[in-house]
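What follows is a single structure, written as structure tokens, with notes after it.
Number of protein chains: 4
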Amino acid sequence: MKSNNNTKQIILESASKLIAKQGVKSTSLADIAKYSNISKGTLYYYYSSKYDIIADIADTHLEIITKAVLDCVKNVTGDEDTFSLVQVIVDRISTISSTGRIHMYLICEAITENEALRLQFAEKYREWRFTLREELIKAFGGIKDEREIEALSFLLISVVDGLVMQSLLKAENIPYSDIAKCLVDTIVTKKTRD
Amino acid sequence: MKSNNNTKQIILESASKLIAKQGVKSTSLADIAKYSNISKGTLYYYYSSKYDIIADIADTHLEIITKAVLDCVKNVTGDEDTFSLVQVIVDRISTISSTGRIHMYLICEAITENEALRLQFAEKYREWRFTLREELIKAFGGIKDEREIEALSFLLISVVDGLVMQSLLKAENIPYSDIAKCLVDTIVTKKTRD
Amino acid sequence: MKSNNNTKQIILESASKLIAKQGVKSTSLADIAKYSNISKGTLYYYYSSKYDIIADIADTHLEIITKAVLDCVKNVTGDEDTFSLVQVIVDRISTISSTGRIHMYLICEAITENEALRLQFAEKYREWRFTLREELIKAFGGIKDEREIEALSFLLISVVDGLVMQSLLKAENIPYSDIAKCLVDTIVTKKTRD
Amino acid sequence: MKSNNNTKQIILESASKLIAKQGVKSTSLADIAKYSNISKGTLYYYYSSKYDIIADIADTHLEIITKAVLDCVKNVTGDEDTFSLVQVIVDRISTISSTGRIHMYLICEAITENEALRLQFAEKYREWRFTLREELIKAFGGIKDEREIEALSFLLISVVDGLVMQSLLKAENIPYSDIAKCLVDTIVTKKTRD
DNA sequence: GATGAATGAGCTTTCATTCAT
DNA sequence: CATGAATGAAAGCTCATTCAT
Numbered sequence: 001m002k003s004n005n006n007t008k009q010i011i012l013e014s015a016s017k018l019i020a021k022q023g024v025k026s027t028s029l030a031d032i033a034k035y036s037n038i039s040k041g042t043l044y045y046y047y048s049s050k051y052d053i054i055a056d057i058a059d060t061h062l063e064i065i066t067k068a069v070l071d072c073v074k075n076v077t078g079d080e081d082t083f084s085l086v087q088v089i090v091d092r093i094s095t096i097s098s099t100g101r102i103h104m105y106l107i108c109e110a111i112t113e114n115e116a117l118r119l120q121f122a123e124k125y126r127e128w129r130f131t132l133r134e135e136l137i138k139a140f141g142g143i144k145d146e147r148e149i150e151a152l153s154f155l156l157i158s159v160v161d162g163l164v165m166q167s168l169l170k171a172e173n174i175p176y177s178d179i180a181k182c183l184v185d186t187i188v189t190k191k192t193r194d
Numbered sequence: 001m002k003s004n005n006n007t008k009q010i011i012l013e014s015a016s017k018l019i020a021k022q023g024v025k026s027t028s029l030a031d032i033a034k035y036s037n038i039s040k041g042t043l044y045y046y047y048s049s050k051y052d053i054i055a056d057i058a059d060t061h062l063e064i065i066t067k068a069v070l071d072c073v074k075n076v077t078g079d080e081d082t083f084s085l086v087q088v089i090v091d092r093i094s095t096i097s098s099t100g101r102i103h104m105y106l107i108c109e110a111i112t113e114n115e116a117l118r119l120q121f122a123e124k125y126r127e128w129r130f131t132l133r134e135e136l137i138k139a140f141g142g143i144k145d146e147r148e149i150e151a152l153s154f155l156l157i158s159v160v161d162g163l164v165m166q167s168l169l170k171a172e173n174i175p176y177s178d179i180a181k182c183l184v185d186t187i188v189t190k191k192t193r194d
Numbered sequence: 001m002k003s004n005n006n007t008k009q010i011i012l013e014s015a016s017k018l019i020a021k022q023g024v025k026s027t028s029l030a031d032i033a034k035y036s037n038i039s040k041g042t043l044y045y046y047y048s049s050k051y052d053i054i055a056d057i058a059d060t061h062l063e064i065i066t067k068a069v070l071d072c073v074k075n076v077t078g079d080e081d082t083f084s085l086v087q088v089i090v091d092r093i094s095t096i097s098s099t100g101r102i103h104m105y106l107i108c109e110a111i112t113e114n115e116a117l118r119l120q121f122a123e124k125y126r127e128w129r130f131t132l133r134e135e136l137i138k139a140f141g142g143i144k145d146e147r148e149i150e151a152l153s154f155l156l157i158s159v160v161d162g163l164v165m166q167s168l169l170k171a172e173n174i175p176y177s178d179i180a181k182c183l184v185d186t187i188v189t190k191k192t193r194d
Numbered sequence: 001m002k003s004n005n006n007t008k009q010i011i012l013e014s015a016s017k018l019i020a021k022q023g024v025k026s027t028s029l030a031d032i033a034k035y036s037n038i039s040k041g042t043l044y045y046y047y048s049s050k051y052d053i054i055a056d057i058a059d060t061h062l063e064i065i066t067k068a069v070l071d072c073v074k075n076v077t078g079d080e081d082t083f084s085l086v087q088v089i090v091d092r093i094s095t096i097s098s099t100g101r102i103h104m105y106l107i108c109e110a111i112t113e114n115e116a117l118r119l120q121f122a123e124k125y126r127e128w129r130f131t132l133r134e135e136l137i138k139a140f141g142g143i144k145d146e147r148e149i150e151a152l153s154f155l156l157i158s159v160v161d162g163l164v165m166q167s168l169l170k171a172e173n174i175p176y177s178d179i180a181k182c183l184v185d186t187i188v189t190k191k192t193r194d
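Heads up: the protein sequence lines correspond to chains C, R, G and D, in order.
Using full-length UniProt numbering, you'd call the opening residue of the first sequence number 1 and step up by one each time.
Using full-length UniProt numbering, you'd call the opening residue of the second sequence number 1 and step up by one each time.
Using full-length UniProt numbering, you'd call the opening residue of the third sequence number 1 and step up by one each time.
Using full-length UniProt numbering, you'd call the opening residue of the fourth sequence number 1 and step up by one each time.
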């Protein structure tokens, strides 16, 4: 009595977990099938190729991330807004173990051998940055230098990605809140300078 | 000291080039042998496994990066020093096509299936951050809040990694100098605020 | 007697078309099901195996061919009969695109891995040749050497199969009417020689 | 101490034998490897794909056939030449068990899913027919109608292929020498008619 | 030092077939 | 009648690794 969506969902989740753990190339369809408690044949009943599974994982992942980004950024538009940018960082980074790894692997895959995936990611990054920039413009009251805001939007996105990378490397305990405060300072200073 | 080192060097360079282009998993020993104009057997005369070749590539890569990081940071200690932090960014990012890709692939490899490699990278990241922090302390004249400088050092390293990722995704033309200026502003502000 | 036969007929026609296009081994049951707009399960309601479908196709095909052969040969018994043997060739060859390919594939299948099919074809070939021989005897007025007529019947059948093969290979434009004339000449000569 | 050519030769012969027995699609690389007493990996050391193996078989096969065709036809140019056309048939057909089957399977493969192979065969068929036509012109002393000779060349080639097919189907005992005599008659008649 | 030959495990994918509903 | 879900064996192919010479 397994329903269509159920099995497909199980495959998707298994594949996500395994890819998050081992990376795209190191996760075989046999792995996914075994982890999902189905046969390799069933995999192909729901997906037409490994590539197809990865595309689905990427879609789901990008949707989740996008929702998270929007949620974070939209919340910043309140009154004591800039300070809540802390959340942008902390919230996003706190999801590292569940999504950060898969984010990294998918990006590696996208850069090396999956042009379609690269385009998907490229578009999302643009989208995220545009949204962030719009919110920054609102926060700054629209009177700031356009190029400075542009730079700031690039910078904020980079910081997040860079911190995800560092956290995955487990090099050091990262002082997220200190870094967040540092960033807030930067923004506030720029804002009040005018 | 003739053919021996020479051949090993050729292998190392070939492998680096190929891995930078295709990633670790997608680069086969056959690829490396062909590109090096030697036989697969010879590969095993110089290296005991594929893993061994990657370790050597990582060593070389980390040495190069470390030298670059030190060079950059040491130069910042001049008088109008903070402004030359621009260089930290621009210089590092400008080497993207040659080292950025291999950096990403090695990190992916390190995160997923090569604990030894992960430890190697983790140590280097700590080392780089310590160096950077020392230079920041010098630049700030030692009177700043320690935690703020700590945070700043994390932040600067993150930005670089994040920008490398974005540049590899080719999502947008990244305004490096604007971002650099933005960062300099941040540091200068903090410095003069006291 | 409604949907039952109808569906089975659709399956048969779809399978014939696909096998004519792609050959037996390259035509999957999934292909046939999709082309018939039914599910794979339904296929098994009407046929117990792929082998079973092919047997049915062969039956139908052999029936069609036999009818065509008989039609042709029977027409030759008129007065200026031998000349209309042209038709035997031209008519048969003109149906190449629709039946020639399936004929070839079924014969290949019969030769390699389907003994039952081989026996079916063998019997039909005997039958066709007997019929042809009878007609030749009639045409020759029964006074000819039996072995020569026997040989002629083998020869005529061979020519047709050989020409089908060549036409499928698309090596050259085959001068069917010239060849037909050549054959008529042969027969007429033999006939009048006595 | 297996030499390069030796192993490749073994593979080629094994593959030929198996394909002659089972056809192209039904002969797996595992079959070939097992029959050759080597591993599947070794197969790929000598050939880059299954397609590659088949191409090699086809080359060898076509070379053998071409040599046989030339040998036969060239011998016909003697004095009592036309009668030795018997040989064209008998010699060619007598090689059925060794080459006829493979000929059929390769042609099936060529027709259905290997355009390159089809072109190879198409060219050879043209070549064979040209050679045969030249010899016929010589035999006829050059005074015959060109179109009649053309037709005759098509006809002779068709007969051979058709007889091969029938012999593989094992429908009946084929009276090769009677058929040959019948053909010789045809040619001689045409020749002396002028 | 260097090589070519050989291997076997594992990869992605295909497909005829089964069966509960 | 008809289906969608599931299967497992087998296919073509890749690749790190071994080893005699």
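Using N, Cα and C, we set each Cβ at its ideal position, and we do this for glycine too.
All values derive from a computational prediction rather than experimental measurement.
Item to check | Exposed unless 16 or more other CB atoms sit within 10 angstroms - verdict on ARG147 of chain D | outcome: exposed
Checklist entry - Since ILE53 of chain D meets chain G, which of its residues come closer than 8 Å, beta carbon to beta carbon? => result Within 8 Å Cβ-Cβ: nothing; ILE53 of chain D doesn't reach chain G, min ~17 Å.
Item to check | Burial state of LEU177 of chain D, where buried means 16 or more other Cβ atoms lie within 10 Å | outcome: Position check: residue 177 of chain D holds Ser in this sequence, whereas Leu was assumed. It is exposed - the Cβ of SER177 of chain D has fewer than 16 other Cβ atoms within 10 Å.
Checklist entry - Under a three-way DSSP split, which group does GLU115 of chain D fall into? => result helix
Checklist entry - How many Å lie between ALA171 of chain R and GLU115 of chain R at the Cα? => result If you take the alpha carbons of ALA171 of chain R and GLU115 of chain R, they lie about 31 Å apart.
Checklist entry - Are the beta-carbon atoms of TYR105 of chain R and ALA20 of chain R separated by less than 9 Å? => result yes
Item to check | Distance CB(LEU18 of chain G)-CB(ALA110 of chain D) smaller than 9 Å | outcome: no
Item to check | Endpoints, alpha helix (DSSP H) assigned at SER167 of chain C | outcome: DSSP places SER167 of chain C in the uninterrupted alpha helix (DSSP H) bounded by 146 to 169.
Item to check | chain D contacts from the region 166 to 184 of chain G (Cβ-Cβ distance under 8 Å) | outcome: GLN166, LEU168, LEU169, LYS170, ALA171, GLU172, ILE174, PRO175, ASP178, ILE179, LYS181, CYS182, LEU183
Item to check | Closer than 9 Å to chain G by CB, GLY162 of chain D | outcome: yes
Next on the checklist: What would DSSP say about TYR47 of chain G, mapped onto helix, strand or coil?
Outcome noted: coil
Next on the checklist: For residue 195 of chain D, would you say it is in contact with chain G, using Cβ-to-Cβ distances shorter than 9 Å as the test?
Outcome noted: Missing from the structure shown is residue 195 of chain D; chain D here goes from 1 to 194 and no further.
Item to check | Other residues of its chain near ASP59 of chain D: CB distance less than 7 Å, five sequence neighbours each side excluded | outcome: none
Item to check | Cβ-based burial, ASP161 of chain R [other Cβ within 10 Å; buried from 16] | outcome: buried
Next on the checklist: Helix, strand or coil, according to DSSP, for ILE65 of chain C in the structure here?
Outcome noted: helix
Checklist entry - ILE32 of chain R lies in the alpha helix (DSSP H); which residues open and close that run? => result The continuous alpha helix (DSSP H) containing ILE32 of chain R extends over residues 29 to 36.
Next on the checklist: If contacts are defined as beta-carbon pairs under 8 Å, then ARG118 of chain C and PHE154 of chain C qualify, I think. What distance do you get, rounded to the angstrom?
Outcome noted: About 19 Å separates the two Cβ atoms, so there is no contact after all.
Checklist entry - With distances taken from CA atoms, which of R:VAL159, R:ALA33, R:GLN9 is nearest ALA151 of chain C? => result When the alpha-carbon of ALA151 of chain C is set against those of R:VAL159, R:ALA33, R:GLN9, the nearest one is in R:VAL159.
Checklist entry - When you compare each of R:LYS25, R:LYS67, R:GLU13 to GLU113 of chain R by their alpha carbons, which one comes out closest? => result R:LYS25
Checklist entry - What does ARG118 of chain D touch in chain G if you count any residue whose Cβ is under 8 Å from its own? => result LEU169, LYS170
Checklist entry - What do you get for LYS138 of chain R, buried or exposed, if any count of 16 or more other CB atoms within 10 angstroms of its CB means buried? => result exposed
Next on the checklist: Counting only C-beta atoms, is ASN5 of chain D closer than 9 Å to chain G at any point?
Outcome noted: no
Checklist entry - Contact check, THR42 of chain G vs ILE65 of chain G under 8 Å by CB: the rounded distance? => result Their Cβ separation, rounded to whole angstroms, is 29 Å, which puts THR42 of chain G and ILE65 of chain G out of contact at 8 Å.
Checklist entry - Would a check of beta-carbon distances place SER49 of chain C closer than 9 Å to chain R? => result no
Checklist entry - Does the beta-carbon of GLY141 of chain D have 16 or more other beta-carbons within 10 angstroms, so that it is buried, or is it exposed? => result exposed
Checklist entry - Is the Cβ of TYR45 of chain G closer than 9 Å to any Cβ of chain D? => result no
Checklist entry - Are any of the Cβ atoms in chain G nearer than 9 Å to that of GLU63 of chain D? => result GLU63 of chain D does not count as touching chain G.
Item to check | Closest by C-alpha distance to LYS191 of chain R, when choosing among R:ASP145, R:HIS61, R:ILE157 | outcome: R:ASP145
Item to check | Same chain, Cβ closer than 7 Å to ILE107 of chain C, neighbours up to 5 away in sequence not counted | outcome: PHE121
Item to check | Listed by chain order, chain D residues near GLU148 of chain G by CB distance under 9 Å | outcome: ASP178, LYS181, CYS182, ASP185
Item to check | Simplified DSSP assignment, three categories, for VAL5 of chain D | outcome: Inspection of the sequence shows that residue 5 of chain D is occupied by Asn rather than by Val. Correct three-state label for ASN5 of chain D: helix.
Checklist entry - In chain G, what lies closer than 8 Å to GLU113 of chain D by C-beta? => result GLN22, GLY23, SER26
Checklist entry - Shorter than 9 Å from the beta carbon of PHE154 of chain C to some beta carbon of chain R? => result yes
Checklist entry - Exposed or buried, ALA30 of chain D, counting other C-beta atoms within 10 Å across all chains shown (16 or more means buried)? => result It is exposed - the Cβ of ALA30 of chain D has fewer than 16 other Cβ atoms within 10 Å.
Next on the checklist: Please state the DSSP three-state secondary structure of SER26 of chain G.
Outcome noted: Per DSSP, reduced to three states, the secondary structure at SER26 of chain G is coil, with no helix or strand assignment.
Next on the checklist: I'd like to know whether the C-beta of ARG133 of chain C is nearer than 9 Å to at least one C-beta of chain R.
Outcome noted: no
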